[in-house]
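The working numbering applies: residue 9 is where the sequence shown begins, and numbers increase by one. First comes the structure, then the notes that go with it.
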Amino acid sequence: MAILITGGCGYIGSHTCIEMIKAGYDIVVIDNYYNSKPEALKRTRELAGKDFPFYECDIRDAEGLKKIFAAHNIEAVIHFAGLKAVGESVSKPLEYFDNNVGGTVTLCEVMRDCGCKRMIFSSSATVYGMKNPSPLNETMEIGGVTNPYGRTKWMVEQVLDDLCYSDPEWSAVKLRYFNPIGAHESGRIGEDPNGIPNNLMPYVSQVAVGKLQQLAVFGDDYDTHDGTGVRDFIHVVDLARGHVKAVAYALAHTGCEAINLGTGHGYSVLDLVKAFEKVNGVKVPYRIAPRREGDIAVCYSDPSKAAKLLGWEAELGLEDMCRDSWRWQSGNPKGYDA
Ligand code: NAD
Ligand code: UFG
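See the structure below:
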């Protein structure tokens with residue numbers, strides 16, 4: 009019996025492969041390398057201390073998927089594969105709907121045909137939209153998402169709800185991630201964005217390493233303790249461990265559950281910058297810039313459902329996240345290209 013991990017060479021997927029193997033699972037990994045590199049796979053295998061089958065395969069390739077299901081006894085799928093850049097999704101909506109929604113439907117069809125009906129899906133806190141107040145909990149109505157990327161997450165959540173309703177043998181766990189940052193403590197794997205990063209932590213660490221000059225802090229006039237945006241930053245290794253727990257849950261239960269993966273604590277942009285400077289003894293020059301369109305002031309989770317259903321809670325703090333992000337960035341200034 010094995011767990012199939014789609015998008016397993018990506019940022020969150022690579023860390024999850026390691027935690028799954030540590031927990032004793034056999035894994036099979038697929039990725040089309042759209043946003044990752046073979047070097048990430050190589051290092052993940054080294055850190056896991058165990059080899060595992062890998063296929064360069066697109067989740068939209070039903071025939072390719074069927075061969076993989078025929079070759080392995082897959083009992084559940086952790087589904088990371090997808091496109092994730094909010095800005096790009098506005099200019100390329102069809103690519104996002106095709107990959108994220110169409111790809112997931114194809115994957116679910118193959119799973120159904122092959123008798124594998126358990127999925128852990130990478131959703132996002134973005135499905136809570138702009139209006140729900142933090143702490144965000146899973147009973148809140150979702151929607152009101154302002155960009156195509158977020159809409160694909162919302163749509164896939166609906167697909168999984170309907171699928172589980174149509175067939176009581178299905179089990180789907182929709183994990184709503186807050187803001188994953190940090191890296192494996194070895195500093196060997198981490199987030200390796202293409203071009204100029206959109207997200208805060210990769211930008212901060214690239215400024216610290218001298219690749220970028222200055223951080224632009226998007227807005228200091230929000231209704232928060234220092235005026236800058238507040239987010240629920242979560243260490244990627246904690247997030248990966250949440251997937252291990254979610255697999256165990258999906259193997260033991262049917263039905264569809266949405267579960268937040270966050271710490272329950274909000275830190276501001278400047279809290280993060282200051283923690284990064286202090287923990288790592290580096291400077292992060294910044295300037296205050298106008299607000300970024302589509303941003304909300306505050307977004308953090310109520311993590312109590314994950315504690316109750318999965319027996320999971322985040323263990324690592326903001327300092328761990330800053331330290332591990334820096335170890336990865338400073339040791340690999342060019343990411344996996346070095
Ligand atoms: P990532 O881009 O590093 O990893 C995704 C992986 O999927 C990449 O290796 C990419 O090559 C692969 N992939 C993309 N399309 C594919 C396809 N059609 N077939 C096969 N492989 C494909 O992203 P990540 O940060 O690891 O995110 C993983 C998942 O979590 C994504 O679905 C993302 O939307 C979701 N998520 C991420 C965040 C975040 O902040 N990183 C937040 C919320 C949700
Ligand atoms: N920020 C800056 N400067 C930057 C980048 C970000 O000030 O250069 C600020 C943002 O304005 C925001 C905070 O840092 O206040 C966090 O921004 P990120 O882009 O790192 O993360 P977001 O909260 O905007 O979005 C993340 C993921 C999305 C996901 C969302 C769910 O990137 O994929 O969380 O809440 F949908």
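Even for Gly, the Cβ is constructed at its ideal location relative to N, Cα and C.
CA-to-CA distance, Ser276 to Cys172, given in whole angstroms = Spanning the two alpha carbons is a distance of roughly 38 Å.
What span of residues does the beta strand (DSSP E) with Arg126 cover, start to end?
-> Residues Arg126 to Ser132.
Whole-Å CB distance - Asp310 paired with Leu144, under 8 Å assumed | About 6 Å separates the two Cβ atoms, so the contact holds.
Is the stretch 122 to 130 touching the stretch 175 to 188 in the sense that three or more CB pairs, one from each, lie closer than 8 Å?
-> The stretch 175 to 188 vs the stretch 122 to 130: in contact.
With 16 as the cutoff for other CB atoms within 10 Å, does Glu406 come out buried or exposed?
-> Here the chain covers residues 9 to 346 and nothing more, so residue 406 does not appear.
With Asp228 and Cys307 assumed to form a contact (beta carbons below 8 Å), what rounded beta-carbon distance in angstroms separates them?
-> At roughly 17 Å, the Cβ-Cβ gap does not stay under 8 Å, so Asp228 and Cys307 are not in contact.
Between Leu318 and His243, is the Cβ-Cβ spacing less than 9 Å?
-> Taking a C-beta distance under 9 Å as the contact criterion, Leu318 and His243 do not qualify as a contact pair.
Could you check what DSSP says for Thr232 in three-state terms: helix, strand or coil?
-> Coil.
Report the residue from Asn107, Val85 and Ala78 whose alpha carbon sits nearest the alpha carbon of Lys92.
-> Comparing alpha carbon positions, the residue from Asn107, Val85 and Ala78 closest to Lys92 is Asn107.
Please work out which residues of its chain come closer than 8 Å, Cβ to Cβ, to His261, disregarding the five sequence neighbours upstream and downstream, and give them in chain order.
-> Here His261 has Ser179 as same chain residues with Cβ atoms under 8 Å from its own Cβ, once five neighbours each way along the sequence are excluded.
Closest Cα partner of Arg331 within the set Asn207, Val238, Gly195 and Asp303 = If we check each option's Cα against that of Arg331, Gly195 comes out closest.
Please confirm whether any heavy atom of ligand 1 lies closer than 8 Å to the CB of Pro205.
-> No, the Cβ of Pro205 stays beyond 8 Å of every heavy atom of ligand 1.
Ile334 vs Ala216 beta-carbon contact at 9 Å | Just to set this straight, residue 334 is Trp in the shown sequence, not Ile. Contact: yes.
Leaving out the 5 sequence neighbours to the left and right, which residues in its chain are closer than 8 Å to Ile29 when beta-carbon positions are compared?
-> Hits under 8 Å: Ile35, Ala56, Gly57, Lys58 and Phe60.
How should Met9 be labelled, buried or exposed, when 16 other C-beta atoms within 10 angstroms of its C-beta is the threshold for buried?
-> With a threshold of 16 other beta carbon atoms within 10 Å, Met9 falls short and is exposed.
For the beta strand (DSSP E) that Phe284 lies in, which residues bound it at each end?
-> Element bounds for Phe284: not the beta strand (DSSP E) but the alpha helix (DSSP H), Val277 to Asn288.
Measure the Cβ-Cβ separation of Val164 and Ile11 and say whether it is below 9 Å.
-> Not in contact: Val164 and Ile11 (Cβ atoms no closer than 9 Å).
Measure the beta-carbon distance from Arg68 to Gly110 and round it to whole angstroms, keeping in mind my assumption that it falls under 8 Å.
-> That pair is a contact at about 6 Å.
Taking Ala84 as the reference, which of Leu259, Asn43 and Asp121 has the closest Cα?
-> Minimum Cα distance to Ala84 is reached at Leu259.
Can you check DSSP and say which residues form a bridge with His23?
-> According to the DSSP secondary-structure assignment, His23 is paired through a beta bridge with no residue.
Take Asn362 and list the residues in its own chain whose beta-carbon comes closer than 8 Å to its own, dropping the five residues that flank it on each side.
-> The chain is shown from 9 up to 346; residue 362 falls before or after that span and cannot be answered.
Is the beta carbon of Gly152 less than 9 Å from the beta carbon of Lys139?
-> In this structure, Lys139 lies closer than 9 Å to Gly152 by Cβ.
Which word fits Ser142, buried or exposed, when buried means at least 16 other C-beta atoms lie within 10 angstroms of its C-beta?
-> Under this definition Ser142 is a buried residue.
Separation of Pro341 from Lys219, as counted between CA atoms = The alpha-carbon atoms of Lys219 and Pro341 are separated by roughly 8 Å.
Whose C-alpha, out of Gly263, Arg299 and Ser213, is nearest the C-alpha of Val238?
-> Ranked by Cα distance from Val238, the options Gly263, Arg299 and Ser213 are led by Arg299.
Nearest to Ala89 by alpha carbon, out of Thr114, Phe77 and Ala79?
-> Relative to Ala89, the option among Thr114, Phe77 and Ala79 whose CA is nearest is Thr114.
Assign Pro210 to buried or exposed, taking buried as 16 or more other Cβ atoms, counted over all protein chains shown, within 10 Å of its Cβ.
-> Taking every protein chain shown into account, the CB of Pro210 has 16 or more other CB atoms within 10 angstroms, so this residue is buried.
Chain-order list of residues whose beta-carbon lies under 7 Å from that of Asp169 (same chain, five-residue window excluded) | Taking Asp169 as the centre and dropping the five residues before and after it, the same chain places the C-beta of Cys264 closer than 7 Å to its C-beta, in chain order.
Three-state secondary structure (DSSP) of Pro46 | Helix, per DSSP.
Contact under 9 Å by Cβ, Leu280 with Ala314 = No, the Cβ-Cβ distance between Leu280 and Ala314 is not below 9 Å.
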